[in-house]
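Here the numbering used here is used: the first residue of the sequence shown is 2, the next is one more, and so on.
C-beta atoms are modelled at their ideal positions from N, C-alpha and C, and glycine is treated no differently.
Working notes for the structure below.
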Amino acid sequence: MGNHTPLSIEERKNIQLMMLDEIDSFCRKNGIKYSLAFGTLLGAIRHQGFIPWDDDVDIIMPLPDMIRFKNMFKSNTIEYIDVDTVKHYEYHFSRLACKQSYSLQGRWRKSYGVNIDLYPIVGMPDTENEILSFIEDFEKINKKRKRMIVWRKRLLKVLPVSFLVGYDSIMHNERNFVLYSYPYEGAKNFLHAGSVRMVNIFDFDVFERIVDVSFEGHKLQSVERYHDYLTHLYGNYMQLPPEDQRHPYHGGIYYRNPLSNTIVK
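See below:
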């Protein structure tokens, strides 16, 4: 790490905005559907940009579009990350990371840098009982994943190695269970596959239509039914939270890669 100064939240937001522009341009050119999501879409609608105290960016894609994006997207500045591309990756969703920055894991391993979470929209079964059974089965896999993550983090604190037997296998199993248990095409219910909970399951096609929204002076894409989407997630989403809850949620410390040209302005 040396004497490098951590990136400020504003510098990280500048990087993420540049990444969003590149992703947006690629998706429009190739007919790939995407939308701002979670707090990022809430910020676009309520603040016309980043929520002032937020510290991450989220986008969503229908699973078929995400697969096309993964296979087609090439960039000098952005790296596509998931369980297939990075060893010891710990999530069932993907991330898009800035190649010109990095973070740390434990004392030894450098990790990917400033990033955007990419969540797939996947199909779900028709009935509530089947959905509840799916969530229950997911939790069994997820408990194993969490145990492996805890042990790996303990290992990283004391040793310059990170290999755990069975770790990557469990991560693949969870990813495949979430993404491929039910087909997207023809589904009546859809899972917003960030976390597998009832609140993230929609009984309408969130990607029926796409519109442009303003985000920090840029035009980015949103599901047309953003009111239904945000109400489903947050209720009265236009109401600001109490002041004591207006703080960064995810955290993380990121640094410029000293071996590359900075994209931070």
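For Asp25 and Gly40, which I take to be in contact (beta-carbon distance under 8 angstroms), what is that distance rounded to the nearest angstrom?
Here residue 25 is taken as the residue at index 24 of the sequence shown, counted from 1. Here residue 40 is taken as the residue at index 39 of the sequence shown, counted from 1. Cβ-Cβ separation between Asp25 and Gly40: approximately 18 angstroms, too far for a contact (criterion under 8 angstroms).
Would the region 42-59 count as touching the region 78-86 if we require 3 or more Cβ pairs under 8 angstroms?
no
Counting only the same chain and skipping the five closest in sequence on each side, list residues whose C-beta sits under 7 angstroms from that of Ile150.
Locating residue 150 in the sequence shown gives position 149, counting from the first residue. Closer than 7 angstroms at the Cβ level, and outside the excluded window around Ile150, lie Glu91.
So the candidates are Asn130, Gln49, Phe27 and Gly32; which of them puts its Cα closest to the Cα of His1?
Not covered by the structure: residue 1. The range shown for the chain is 2 to 266.
What residue does the beta strand (DSSP E) around Ala98 start on, and which one ends it?
If you number the sequence shown from 1, residue 98 lands on position 97. Run containing Ala98: Ser95 to Cys99, per the beta strand (DSSP E) assignment.
Taking its Cβ as the centre, do 16 or more other Cβ atoms sit within 10 Å of Arg13, making it buried, or is it exposed?
To locate residue 13, count along the sequence shown from 1; it is residue 12. Flag for Arg13 reads buried.
Throw me the rounded Cβ distance for the Ser223 and Leu64 pair, which I believe falls under 8 angstroms.
Numbered from 1 along the sequence shown, position 222 holds the residue referred to as residue 223. Numbered from 1 along the sequence shown, position 63 holds the residue referred to as residue 64. Their Cβ separation, rounded to whole angstroms, is 19 angstroms, which puts Ser223 and Leu64 out of contact at 8 angstroms.
Below 8 angstroms, how does it come out for the region 173-182 and the region 121-139: are there three or more Cβ pairs, yes or no?
Because the criterion of three Cβ pairs below 8 angstroms is met, the region 173-182 and the region 121-139 touch.
Once the 5 residues before and after Lys34 are set aside, which same chain residues still bring their CB inside 7 angstroms of it?
Along the sequence shown, one-based indexing puts residue 34 at 33. Answer for Lys34: Met62, Pro63, Asp66, Phe208 and Ile211, listed in chain order.
Along the chain, where does the alpha helix (DSSP H) that runs through Asp85 open and close?
The count along the sequence shown starts at 1 and reaches residue 85 at position 84. Per DSSP, Asp85 belongs to no alpha helix (DSSP H) and is neither H nor E.
Quick one: what does DSSP say Met125 is sitting in, helix, strand or coil?
Reading the sequence shown from its first residue, position 124 is the one you call residue 125. Reduced to three states, the DSSP call for Met125 is strand.
Going by the CB atoms, is the gap between Asn116 and Arg96 shorter than 8 angstroms?
In the sequence shown, counting from the first residue as 1, residue 96 sits at position 95. In the sequence shown, counting from the first residue as 1, residue 116 sits at position 115. Taking 8 angstroms as the Cβ cut-off, Arg96 and Asn116 qualify as a contacting pair.
Following the continuous beta strand (DSSP E) through Phe39, name the residue where it begins and the one where it ends.
Counting from 1 along the sequence shown, the entry for residue 39 is found at position 38. Counting along the chain, Phe39 falls outside any beta strand (DSSP E), though it belongs to the alpha helix (DSSP H) covering Phe39 to His48.
Are the CB atoms of His228 and Trp54 within a distance shorter than 8 angstroms?
Here residue 54 refers to the residue found at position 53 of the sequence shown. Here residue 228 refers to the residue found at position 227 of the sequence shown. Their beta carbons are not under 8 angstroms apart, which means Trp54 does not touch His228 by this criterion.
Keeping to the same chain, check which residues put their C-beta closer than 7 angstroms to that of Phe27; ignore five residues upstream and five downstream.
Position 26 of the sequence shown, counted from the start, is the residue given in the question as residue 27. Once the five neighbours on either side are set aside, the close Cβ partners of Phe27 are Phe74.
State the DSSP-derived secondary structure class of Val265, mapped to helix, strand or coil.
Your numbering for residue 265 matches position 264 in the sequence shown. Below a pLDDT of 50, predicted positions are generally treated as unreliable, and Val265, at 46, falls in that range; no measurement from the model is reported.
How is Ser134 classed by DSSP in three states: helix, strand or coil?
Translated into positions along the sequence shown, residue 134 becomes position 133. Ser134 falls in the helix class under three-state DSSP.
By a C-beta neighbour count over all protein chains shown, 10 Å radius and 16 as the cutoff for buried, is Asn130 buried or exposed?
Residue mapping note: residue 130 aligns to position 129 of the sequence shown, counting from 1. Label assigned to Asn130: exposed.
From Asn258 to Gln17, what distance separates their C-alpha atoms?
Locating residue 258 in the sequence shown gives position 257, where the first residue counts as 1. Locating residue 17 in the sequence shown gives position 16, where the first residue counts as 1. Rounded to the nearest angstrom, the two C-alpha atoms are 16 angstroms apart.
If you run the structure through DSSP and keep just helix, strand and coil, what is Lys257?
In the sequence shown, the residue the question calls residue 257 occupies position 256. The amino acid occupying residue 257 in the given sequence is Arg; Lys does not appear at that position. Reduced to three states, the DSSP call for Arg257 is strand.
Looking only at its own chain, which residues have a Cβ that is under 8 angstroms from the Cβ of Asn190, when we skip the five neighbours before and after it?
Within the sequence shown, the letter at position 189 stands for residue 190. Result list for Asn190: Gly124, Met125, Pro126, Asp127, Ile132, Ile202, Phe203 and Asp204, in chain order.
Can you give me the Cβ contacts of Phe51 inside the same chain, cut-off strictly under 7 angstroms, excluding the 5 residues immediately before and after it?
Here residue 51 is taken as the residue at index 50 of the sequence shown, counted from 1. Answer for Phe51: Lys14, Gly44 and Glu217, listed in chain order.
Is the beta carbon of Tyr120 sitting closer than 8 angstroms to the one on His193?
Taking the first residue of the sequence shown as position 1, residue 120 is located at position 119. Taking the first residue of the sequence shown as position 1, residue 193 is located at position 192. Contact flag set, yes.
If you drop the 5 nearest sequence neighbours on each side, which residues of the same chain put their C-beta closer than 8 angstroms to that of Tyr235?
Taking the first residue of the sequence shown as position 1, residue 235 is located at position 234. Only Leu43 meet the Cβ criterion.
With a floor of 3 residues, list each beta strand (DSSP E) that falls wholly inside the region 184-245, ordered by position along the chain.
190-193, 211-216 and 219-224
Sort Glu11, Thr6 and Leu21 by Cα distance to Ser215 and report the nearest one.
Position 214 of the sequence shown holds residue 215. For the residues Glu11, Thr6 and Leu21, the minimum Cα distance to Ser215 belongs to Leu21.
Kindly indicate the opening and closing residues of the beta strand (DSSP E) around Asp59.
Locating residue 59 in the sequence shown gives position 58, counting from the first residue. Per DSSP, Asp59 belongs to the beta strand (DSSP E) from Asp59 to Pro63.
Starting from Tyr168, trace the alpha helix (DSSP H) both ways and give me its first and last residue.
Sequence index remark: in the sequence shown, residue 168 carries index 167 (1-based). Residues Tyr168 to Tyr181.
So His93 and Glu23 are supposed to be a Cβ contact under 8 angstroms. How far apart are they, rounded?
To locate residue 93, count along the sequence shown from 1; it is residue 92. To locate residue 23, count along the sequence shown from 1; it is residue 22. About 25 angstroms separates the two Cβ atoms, so there is no contact after all.
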